[in-house]
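Trainee: Numbering (the numbering used here), first residue to last: 82 to 312.
We put the beta carbon where it would ideally sit given N, CA and C, even for glycine.
#1: According to DSSP, simplified to helix, strand and coil, what is residue 240?
#2: At the level of alpha carbons, what is the spacing between residue 193 and residue 90?
#3: Quick one: residues in its chain with C-beta nearer than 7 Å to the C-beta of residue 292, no 5 flanking neighbours on either side, listed in chain order?
#4: Hey, residue 266 and residue 223 are a contact pair by Cβ (cut 8 Å); roughly how many whole angstroms apart?
#5: Compute the Euclidean distance between the alpha carbons of residue 112 and residue 191, then round it to the nearest angstrom.
#6: In whole angstroms, give me the CA-to-CA distance for residue 189 and residue 104.
#7: What residue range is occupied by the uninterrupted beta strand (DSSP E) comprising residue 234?
#8: Quickly, what does DSSP pair residue 303 with across the bridge? List them, please.
#9: Using a Cβ-Cβ cutoff of less than 6 Å, which residues in the same chain neighbour residue 92 once the five nearest sequence positions on both sides are dropped?
#10: So, at 6 Å on beta carbons, what are the nonlocal neighbours of residue 203 in its own chain, with the 5 sequence-adjacent residues on each side left out?
#11: Suppose the cutoff is 6 Å on Cβ atoms and the five residues either side in sequence are ignored; what does the same chain contact list for residue 271 look like?
#12: Considering only the alpha carbon of each residue, which of 119, 275, 249, 241 lies closest to residue 257?
Here is the structure:
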C-alpha cells in the first residue's frame, strides 16, 4: 500500500528516530528524517509535509526556534516531543505554533494515535462545515484559510479548530471542558493553561487583523463568539 501522508521527524537521537520511523511507517505514513534543527528547517522548507514531529531539545537550532521560523510562512501541523516535565515548555510550544505534544519516554502507539488525530482534524472536516462566516470574519477549513475583511490571518491547526468550533455555535457559550474536549478529544488531559495559551494567541492574531471583539470570555461560564464587527 502506498503511503498517502508524508511526515518529517526531527530528533537528534538516532534510536528515537528509528522507533518513530518504524511506528509511523507501520501506520501507513512516509517518513523523512533530520538529525538537528538546521537540517530539519532546511528539509521542512524544501518539501511538502503533512505533519512535523519535532523534538524541543535539538542542537544547532532548538525545536521552539525551528517552529517559530516555520510559522512565518508555513502552517504544517507540528507535534512536539519533549523530555521535560515542566508545563512551561509545553505552553511555550503552543505559543510558538505547535499543535500537540508527547512527553518522552513515550509509547509509540500513543504517538501514532496523536499523529492520526492531528491529521484528521487538519483535513477531515465534512464539506458542509468547511466554510464559515461571522461578522467580518470568514474561515475556509478545506484550504486552512482565515480572513478578516479579506485580509488573511495565519492560524495554526489547533487555533483553526478552536475558532471553527466557536463559529459553528456563535450564540452559545462553550464551557472550557467542552471546548477542550471538542478540540483535543475527550480524556486528553489538557490543562486550562494550555487552552489559555491557544486562546491568547488566537485573540492577538484576530485583533491585529482588526477584529479585537471576535472572542469573548463569559466569566465563570466559558467562551463565545463576539460580534466580529471589526475596528
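Mentor: Reading from the atomic positions:
#1: Look at residue 240 here: in three-state DSSP terms it is helix.
#2: Taking C-alpha positions only, residue 193 is separated from residue 90 by approximately 12 Å.
#3: The residues are 217, 218, 229, 309, 311.
#4: Residue 266 to residue 223, Cβ: 21 Å. No contact.
#5: Between the C-alpha atoms of residue 112 and residue 191 there is a straight-line separation of about 17 Å.
#6: Our two residues, residue 189 and residue 104, have alpha carbons roughly 6 Å apart in a direct line.
#7: No beta strand (DSSP E) contains residue 234, which DSSP labels as neither H nor E.
#8: Answer by DSSP bridge pairing, in chain order: 256, 299.
#9: 98, 136.
#10: 158, 238, listed in sequence order.
#11: Closer than 6 Å at Cβ, skipping near neighbours: 261, 265.
#12: The shortest C-alpha separation from residue 257 is found at 275.
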